[in-house]
Each structure stands twice: as C-alpha cells, then as structure tokens.
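Residue numbers (UniProt numbering): 1 to 1009.
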C-alpha cells in the first residue's frame, strides 16, 4: 500500500510519494500522475503495448488549474492505492513553459511519461536522478534542480507527450494517445443536461427508488477503443452524496452519436466512488451516466418444515407470508422483498396496480401440490391474496365502481434483474378482506394461495387513469421512498431592524419556481390627497420589494417521507412576536410526501446588533423519527449588504426599457395593433389587454354607461377613443370624472410580464417570434408588407416609427385608417380632408376591385332597370359600409363583440343559471382545461396574480389539472355567492373556452358522467 501524501507545496501543489523498492512491470501515465502496477504476467497480444510504455521514469509535471482537478488527483491517488499502483507527482515550473492550454472552453493539458523500450532501470533513461546510485528503482526523493535542468526536463516531456487531459464543467477525462483504433484527432466532452440532453436521456428509468445523480456524459468521438492495459480515466462528479457506495451504478451506451441510447450496466470492477466523484476506467468512448438505486425492504427467515412459520415485514405493514405446517419437504431460508417501485410508469390504457409488488425467494422454489398451499398475506395496502397484500382505498373503489371493480393476481417467473413478464394467475383464488378483524394500520388486506416462489402483484381490472382522476388507489405508503431535495433561504428586510425569512425545500430535479417573491416587484400605490367627489389623482408612489437569497444547501440530499422540522437558530435576532411569530422559530411540515414546501418567519434583530454584512444565523432542517431527529440540511445565513436596499436600479432599468422598446420598433411590433398580438403571445388575455395595458377608466356609473355605449356605437378601441377625444393625454377630467390611460402600453406590458416571473430572454424571444409571424402573414398577402425601414437602426425611435408608418401606408388595404370613408361611398357627400388624402391611395391600390364589380353588375343585369339600379345601389351602400372598417385592421372591440356573439349562441341560456357548483362538479370541469388556460381563467374570475403563483408553486408537481382544481376551489372560497354555473360559463366564454363550457353543462346535468 502507498502511504498518505507527505508534502504539499503552496504554489505548485505537488507531492512526493515514497514507494517501496519493488520491481514494476507496468506504468499507467495519466496527465499529472504516473501509476506503476506491480509485476503481473502479461498476455502475448499486449506485449507491444507494454513495451511501448515500460516503467523507466516515475516523474511527471503537475499544474492543477483548479480545485476540481485537485479533487480528481486525490481520487485517482486513492484509486491507485486500491489497485496496488504507485503514484508519483512532481513539480511543474510554469504552464507557459509546457504550452499546454488549448481550445476555448476545454483545457487540454498534454502530459508525458518518458519511455524507452530498451531501458530496464533509471540509469538507461538519460534522466538525472539522485537515487540512481542506490539501485532502487521507483523511489523518489526531493530534488533541487536548477532552471536549465528543469527546462530541459520539461522539453523532453513535451516532445514525447502520450497523455491528454480534458475538462468540461468539473468532468475530467485522462486519455492515452495510444489506442488500437489509431485515432489521433481531438477528443471532446459533451454534457447533456435536463434541457438539451433529452434525446440521450431516453431509456433512463428514474422513479421513487432510482435516482439519476449525474449528467449524461458523451465522450466523443464515439467508438474509439482503448487497450485494457491502458484505459481512459473518466471522473464524473455526483449531485448527491450516497449513504452507501453499493447503491451507485454506472450505465453506458455504446451507440453512435445522435442515436437512441441502449443503456447497459458497467461492471463493478470498472468504477468506484471517491470524494464525491465516480471514477470510471473506460475501454471505449460512448455515453456514460450514474444512477443511485436504493435497496428494497427485505426480510429473511429460516422456515422449519415440521412447524411452519410466517414472514412478516414490520416496515411495510400488512405484507405477510404464512407457511402452514408440513407444506415444505425440507427447511428453507425464505425471504420476502417488497418492490415498491419496480414497475415503469403505467400507461393510461393499462390496468391499475392495486398492491405493492413483492418477490418471494428462493426464486423458483416449488411446493408439493398435494400439500397445503402457502398463504401470502400482504399488509393493509392490497386486497387479500394468499400472499397477503394491502390494498389502498379498497372499500372506496368497490363503492364507486361497483361490479366493474375486480381484483386479479399476476405473476412473473423471470429472475431477479431481468425484465418482468407478467401473466395472470387464473388458478389463484382471492379472499376478500375480513371486515370483522381490525388491523392497526387501517388498510384492507386480501390474500391468495401459491405453489411456487416468484414475483406477484394484485391488479384492478380498472384503467389506471380512472383511479387517478378519482384520487384513489396506490399511493406513497412505503417508508423507504426517498426524494432528492434542496433547501434555500430568502430574506426581505425593510427599514429598521425587522425582516422576513423564507425557507424553501424543493425537488432537486426541478427548477426553483421564479415567482414574484424572489424577484423585483413593482407595485403602484395611488394616493388621493383631497376628499372631493371627483377623486382626482394627485400622484403615484412606486414601491419596490425584493427577496435576496441569504443561504442554501450545496448538494441535494435524499429525504424520506414523514415529519420535517425547519427551525432557525441565532443569538443575533429573535422572533417578532408583535408580528405573530412564535418564540421558538420552529415550524413543522407534518406529512412530507415529496412535494415542495416553504416556511416563513417574521424576525427582528436584537437591540444594537443589526448586522449589515456577514453571518447572522443558521437554518436547520431535520426529519423527526419517533423521538429522534435525523439531520437533513444545515447552512449559514449570510448577508451581503444589499438586503436592506429598497431603491431600485432606476437608471439601469430605464436604459434597458428604452433598448427593449427600440428593438420592438425595429421589429414592427409597435405598428398598429401588433403589440396586442405580442401581448397575447406571452400570455395576456383580451380582458387584461383591454383593462391593464390599453387603459383603465375611473368614473361614476352613469358616465361609464355612456362611454360603453359610445364605444359600441362607433366600434373603436380604447386607444382610438383616447387618440380622438383626449389627444393622447394620460388623464383628463370630463364632467367630474377622471379617465386615466396607460401612457405607454408597451412599457406596461414589460413591467407586468416581469412581475409575473417572466425573464428578459423569454420576452426577447417572444418579440422575434411575433415579428416573424407578422412578416410571414404579410408576405402571403403582398410582398411589400415584409419590407422593413432602412432607417430603423439609426438609434432614433421617432425616425424608426415614422419609417415604419410610411411602409404601412404604402400597403394596399392592410392599414386603412379608422374614421375614414371610401371615395366611392354614396353616404358621404361631403368628405373631410383626411378622406381626400386617403382616396387617391385607395383608387390606386385597388382599381380592379371597382371595375370587376361593375363588370359583374352589367353581366348580371343587362337591362339596367330601376329594380336593378336599386339593388346595385343597395349593394354599393352595403359594400361601402363593409369597407368602412378593414377586415384586417379591425379593432379589439369588434373582435370581442364577434367572440361574444359566437359564445352566446352556445351558452346564452345558461349565463344566468343560479345553480351552485359543488367540489365534485368543479373537479369534473377541470378534465377539459388545458395546461395554458387555467391561469387565464383564474384571472378572469378575479383571482390575484400572486395567489395564482402560489397555487402553481404548491401543486405543479401533481399536475396542471390539480392546479386548475385548486384555483376553482380558491374562487369558490373567496366568492361563494358567485360560484354558479352562469358565472363560470360567462368566464369560459370570455376566454374562448367553448368546449369547457359545453362540458360544464353536461356535468351539471349528469354529475356521475
């Protein structure tokens, strides 16, 4: 065995390792490390390889570029210790002397071991050595070289480089340049993460017991082979620290690039775990990844043939195997294993699993059929099966589905580790649960008899989707399930010594939700200074609130279900009891089942101990197991000095908004109503565009009715009325009422989108997507529409806007002005000046329209009678009325009116239906709501944005249908009198969800459907 590191040098971080004088027959050179293996008989086919790397030199250069490489070096040293190798690390004077840094993103460091096929000891190598006289090969001592000798040594190493080391985001590979494939090109490491590596993640089954704990590492080019005596080393950091090293498994797929991987298990001898990394010896390049498999609950007992016995698992109540007396011919060491997560995800069309899957061993053991059968009893999660198994919600399912609910027994005769092939055990008789017997766990238990040991399970003859919708069936009832969790703490401090803390525990395989609690939140606070009936707005105060992260766990940890306790500990702050906080500052999650949860605390610093920067406390997260506490997370709370800063970065934000608006102008988003299409693209509803972006009206009810009548009469949008009546002023007072409009709807759209959790990158992508759609649509109508202004990039928003409007004016009928009449209209004898300006363009742009209509009239009515003239005149009048508003440039008011007319045709009779909706009816309604519509419906029903964000944060792991259901329950709790069929039907009509409205009527008529 090699002793521990003896000496670290602060600058070069190199080590001298004393090696016992022992003959070496093999050396493995890996970058900064030279590994010597003790003498072993070699095969004839590998003699050429061994002779090419004869162990003549045991010193190489080292210059670790980062701490990650130091960890890798330590892990490789331990690997050499386990394998009996000898590791020697020596000093490198400078990186520039080696000339080893190559490429942009990957540091390729070429190392070398000086080799000589003729040399048998250190004296024949030509290297200087202070220990050559001792006659003890493979021994190093500290040496003091001068600069010339050192440079000469480095030159020889560089000229005979045989090893390449590449790094990519803490993944390190040490690759020998000698390989049987004869490849001499460049090697690459490609990391496939959750977002961009979905194609390579196909076939990776991860569930409650199996966890994916590393990225998918693609070593490229695929298919390069290496010698068994000189393999490549691959160091992969893990995301989770395992409780046992035996739980780790390495998977590889030797498939070509961009093909669906075929995952296989790498033998245990080819990898090991050390210091948070998995080190792999690879004889080829392909895909590699690491999974963690938690063990199954298992119990073993020796069953005597004369007395019989029982196998009972206390960890999983209800699962039991009963051996009657005389059922065995000889004593058997029987074992019972519960495979609570062994099946892949069930498809919607498959049958529903009714009990946990179990395995009885020894596998394949047969019983005498003339003897009493073995009775298997599972615990209260399955129906009685003579293996007894617990069945969850047995009585509920039987009462709900009646005769359709039938249990069947299935077995799989495959061996452990092989894919299960299930077949129904028709000979098994299932005994229903005994209602007279009471069990402590409260679940119904069924049993059945078997004559051999194998895999068994109980299955409902009901589709799994039906049980999922009914929220019954198999659930998380096993205590051995674990979830990979992370923990973070956020702080919100205002003026003074009071502050708030928010501790969030979330799944590590999911992204932390970016809600308004963790971003800059802009809230306009109106302040009216006078009490006059007019209620004139005096000024608006803008308040900024921000959550800052003050602590987090560094690595995920596997957390089992149960009670979780989150507490704060510090001598610098106490609970703010005036704000309602408990003095202990400890809060419990009573039933953790894998969902994200958060705990909030109101605190205040002690007198004269207000901390501006530095550590001020700890967060401790523990799992309560009976009377003990199992520690999960513990991290410090650290302030950076920015937590109390409530002033927003006005200057930077203003510059960013101006740049964003200039981009929108150059992309023609600001022309006409194009910005409304952009708002709809990023999730704003029509009602929000009308009320929040276009403007809000503050007036008394009589004036409000007059305005609504005016809008419907003139069929124009709020923006048009604002431009005509108020000359684009932000506010105006008419008859004691105040009309306030958003001065810049684009800026309002940006602010609202940011408050809802949107990112600048997503908003920019939406601008480009909408601009691309506009160009495609306009190019389909006429090529002139897709032309952009040449002056859009001169830096002046006014010039770009004017040039864009000129381009729009050159279009034929695409951009007809509002409140203008055609030149050929009979109903406008006295035209205004704007009409005279637009009439020549109208004639030039569409001259064929008028001629073709006249020719068609002459062909149809050659007699030119009075009746024909009247009809033609009527047609002209109707045509002029239709042409008064362009079909393309129609306003939002007309769109909404048309939408309302279409909606009223289907559900007008039920708009005022006073029937109160029950929880069951609301659950059935959510089956037709798609993923993107439930939040829009919630906004239309009057639920605040932060409540919708909280619902999505709490229930997104269950599914979007659960989010929609909780949203409707929130609406019912807040407005119980309005929770009627008529109100919900109206909201569905506003959002254009006619299919859901029809389904609502069906649900109300037949609740059981």
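Where a beta carbon is used, it is the ideal one built from N, C-alpha and C, also for glycine. Note that this is a predicted model, so its numbers are computed, not measured.
Residue state for residue 452 is assigned as strand, using DSSP reduced to three classes. The Cβ atoms of residue 687 and residue 980 lie no closer than 7 Å to each other. Per the Cβ contact rule, the segment 990-1008 is not in contact with the segment 953-963 (fewer than 3 Cβ pairs under 8 Å).
At a Cβ-Cβ threshold of 7 Å, residue 557 and residue 632 count as neighbours. Contact between the segment 672-687 and the segment 754-770 is established, with three or more Cβ pairs separated by less than 8 Å.
Here the alpha carbons of residue 694 and residue 744 stand approximately 8 Å from one another. Between the segment 414-424 and the segment 310-320, the count of Cβ pairs shorter than 8 Å is below three; the stretches do not touch. Check the Cα spacing between residue 568 and each of 491, 677, 267 and 497: the tightest is with 491.
Rounded to whole angstroms, the gap between the alpha carbons of residue 581 and residue 603 is 8 Å.
DSSP places residue 484 in the strand class (E or B) of the three-state scheme. Below 8 Å, enough C-beta pairs join the segment 318-334 and the segment 289-308 to call them touching: three or more. Nearest C-alpha to residue 192 among 185, 593 and 220: 220. Per DSSP, the beta bridge partners of residue 301 are 334. The straight-line gap separating the alpha-carbon atoms of residue 319 and residue 432 is approximately 15 Å. For the pair of segments examined, the segment 654-664 was found not to touch the segment 620-640: the number of CB pairs separated by less than 8 Å stays below three. In this structure, residue 611 places its C-beta atom within 7 Å of the C-beta atom of residue 572.
Looking from the CA of residue 170, the closest CA among 929, 217, 591 and 589 belongs to 217. Around residue 188, the same chain offers 220 as residues with beta carbons nearer than 6 Å, after the five sequence neighbours per side are excluded. Following the DSSP letters along the chain, one finds residue 263 in no beta strand (DSSP E), marked with neither H nor E. CA-CA distance, residue 353 to residue 457, rounds to 8 Å. Only residues of its own chain outside the window of five on either side were considered, and among them 420, 421 and 455 have a CB closer than 8 Å to the CB of residue 414, listed in chain order.
Put simply, the backbone Cα of residue 391 is about 41 Å away from that of residue 271. Boundaries of the alpha helix (DSSP H) around residue 925: 919-925. In terms of Cβ geometry, residue 234 and residue 289 do not form a close pair [threshold 7 Å]. Here residue 388 is bridged, per DSSP, to 320.
In terms of CA proximity to residue 255, 222 leads the group 222, 924, 243 and 359. Listed in chain order, the non-local C-beta contacts of residue 678 below 7 Å within the same chain comprise 669, 766, 767 and 770, local neighbours out to five positions each way being set aside. Closest by C-alpha distance to residue 443, out of 630, 410, 460 and 388, is 388. Residue 258 sits in coil when the DSSP states are folded into three classes, being neither helix nor strand.
When the five nearest sequence neighbours on each side are left out, the beta carbons in the same chain lying within less than 6 Å of the beta carbon of residue 972 are those of 979, in order along the chain. Put simply, of 180, 461 and 691 the residue whose alpha carbon is nearest the alpha carbon of residue 402 is 461. The beta carbon of residue 566 sits closer than 6 Å to the beta carbons of 503, 587, 599 and 621 from its chain, once the five residues preceding and following it are set aside; these are given in chain order. The beta carbon of residue 960 is closer than 7 Å to those of 931 and 934 in its chain, skipping five residues each way along the sequence. Ranked by how close their Cα comes to the Cα of residue 1003, the residues 969, 246, 938 and 925 have 925 in first place. When 489, 559 and 609 are compared, the shortest CA-CA separation from residue 498 is found for 609.
Residue state for residue 187 is assigned as coil, using DSSP reduced to three classes.
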